[in-house]
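For the sequence shown, the numbering used here puts the final residue at 86, and the numbers step up evenly by one.
Just so it is clear, CB atoms sit at the ideal spot from N, CA and C, and this is done for glycine as well.
The structure presented is a predicted model; accordingly, all values stated were derived computationally and were not measured.
Quick notes on the structure that follows.
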Amino acid sequence: MGDILYWIIIGLVAGILGKMIMPGRDPGGIIVTILLGIAGAVVGGFLAGLLGIGGGFIVTLIVATLGAVLLLWLYRMFRARSV
C-alpha cells in the first residue's frame with residue numbers, strides 16, 4: 004500500500020512538472036494532466052525497472068516526469084487528430 008501512495012505522490016509532482024515543461028491548453032485541464040502524471044510515473048518506473056535504472060528520489064522523479072511529458076505529448080497528439 005505504501006508503494007502505491009508513493010507513486011501517486013511522485014505522479015502528482017511529475018504531472019505538475021510535466022505541465023510546466025509543456026505549457027498550453029489541454030482538454031481536461033489540470034486534473035487530466037495530474038492523472039497523466041500518475042500514469043507517467045507508473046510507466047516510467049516500469050520502464051526504468053526494465054532498463055535497470057533505479058535510485059533515489061531524484062532519479063525516480065526525473066523518470067516519472069519524462070513519462071508524464073511523454074504521455075501528455077501522446078494525449079495531445081491523439082486529441083488533435085480526433086478534433
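Under 8 Å by Cβ, that's how I've got residue i and residue j pegged, so tell me the actual separation to the nearest angstrom.
{"i": "Gly21", "j": "Thr63", "result": "At roughly 14 Å, the Cβ-Cβ gap does not stay under 8 Å, so Gly21 and Thr63 are not in contact."}
{"i": "Ala44", "j": "Trp10", "result": "5 Å"}
{"i": "Ile41", "j": "Gly14", "result": "3 Å"}
{"i": "Ile56", "j": "Val66", "result": "7 Å"}
{"i": "Gly52", "j": "Thr36", "result": "Actually they do not touch by this definition, with Cβ atoms about 24 Å apart."}
Out of the options, which one is the CA nearest neighbour of residue i?
{"i": "Leu38", "options": "Leu74, Phe81 and Arg82", "result": "Leu74"}
{"i": "Met80", "options": "Phe49, Gly55, Gly59 and Met25", "result": "Met25"}
{"i": "Gly48", "options": "Gly70, Arg84, Tyr78 and Ala83", "result": "Gly70"}
{"i": "Leu54", "options": "Val46, Phe60 and Ala83", "result": "Val46"}
Which ranges would you report for the alpha helix (DSSP H) in the region 31-60 if only whole runs of at least 4 residues count?
32-54
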